[in-house]
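And the structure:
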C-alpha cells in the first residue's frame with residue numbers, strides 16, 4: 001500500500017525536531033531558520049506529512065528570484081523581453097527525511113512547487129533551482145530542467161513547459 005502525504009505550508013504544529021535528511025545544513029534550516037524566513041516573507045516553506053500526522057517527511061522552500069538573461073540558452077533568451085534579468089520562482093531547498101527517501105516524495109514535492117509557481121499571481125518565467133551537487137542536478141534534469149551553460153548546478157524549467165506537462 002502506498003503511503004499518502006498531505007502537503008501544506010509549514011505551521012507551528014509540525015514536528016520539525018525529528019526531521020533528518022542526512023544533510024546537516026538542510027536539517028538545520030528546517031529546525032532553526034524556516035520559521036524566521038516565513039515571518040520575514042523571505043521564503044515560504046511547504047512540508048509533506050504522512051496523512052493524519054505532524055511529523056515532516058519532506059519539505060521545500062519557494063521564493064521569488066531572478067536569473068540573468070545572458071545566462072539563458074540562446075534559443076530561449078531570443079524569445080524573452082530584453083530585460084537584464086528574468087523573473088523566476090526559486091526552489092531554494094528540497095529535502096526528504098531519511099525514513100521516506102526512495103518513495104518519489106521528492107518528485108511529488110517538486111511538482112507541488114511547480115504547480116504553486118504556475119498558479120501564482122506573479123509574473124514568473126520559470127521554476128529555478130540551485131542543485132547542491134551533480135546527483136541533485138541529475139534529479140532535476142530527469143524532470144526536464146535545463147542547466148545554464150555557465151552554471152551547470154543552476155537549472156530551470158519554463159512554466160510553459162510545466163503547463164504543457166500538467167504539473
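Residue numbers (this note's numbering): 1 to 167.
No residue lacks a Cβ here, since even glycine has one placed at the ideal position from N, Cα and C.
Cβ of residue i within 8 Å of Cβ of residue j?
i, j, result
"residue 54", "residue 45", "no"
"residue 86", "residue 127", "no"
"residue 21", "residue 76", "no"
"residue 146", "residue 157", "yes"
"residue 30", "residue 116", "no"
"residue 73", "residue 5", "no"
"residue 169", "residue 120", "The chain is shown from 1 up to 167; residue 169 falls before or after that span and cannot be answered."
Around the Cβ of residue i, are there at least 16 other Cβ atoms within 10 angstroms (buried) or fewer (exposed)?
i, result
"residue 152", "exposed"
"residue 165", "exposed"
"residue 144", "exposed"
"residue 112", "buried"
"residue 106", "buried"
"residue 24", "exposed"
Return the chain-ordered list of same chain residues with a C-beta closer than 7 Å to the C-beta of residue i, the five sequence neighbours on each side being excluded.
i, result
"residue 123", "87"
"residue 163", "118"
"residue 16", "30, 31, 56"
"residue 140", "129, 131, 155"
"residue 83", "69"
"residue 67", "85, 86, 88, 128, 156"
"residue 100", "57, 58"
"residue 42", "63"
"residue 137", "131, 147, 152, 153, 155"
"residue 40", "none"
Suppose the cutoff is 8 Å on Cβ atoms and the five residues either side in sequence are ignored; what does the same chain contact list for residue i look like?
i, result
"residue 1", "The pLDDT assigned to residue 1 is 47, lower than 50, so where the model puts this residue is not dependable; a value taken from the coordinates is nonetheless given after this. The answer is none, since no qualifying residue turns up."
"residue 59", "10, 19, 30, 34, 45, 46, 47, 48, 93, 94, 95, 109"
"residue 26", "93, 95"
Per DSSP, what are the beta-bridge partners of residue i in this structure?
i, result
"residue 155", "129, 147"
"residue 50", "5"
"residue 60", "46, 94"
"residue 15", "55"
"residue 160", "DSSP output for residue 160 lists no bridge partner at all."
"residue 37", "Residue 37 is not bridged to any residue."
Which residue spans inside the region 83-124 form an unbroken beta strand (DSSP E) run of at least 3?
85-96
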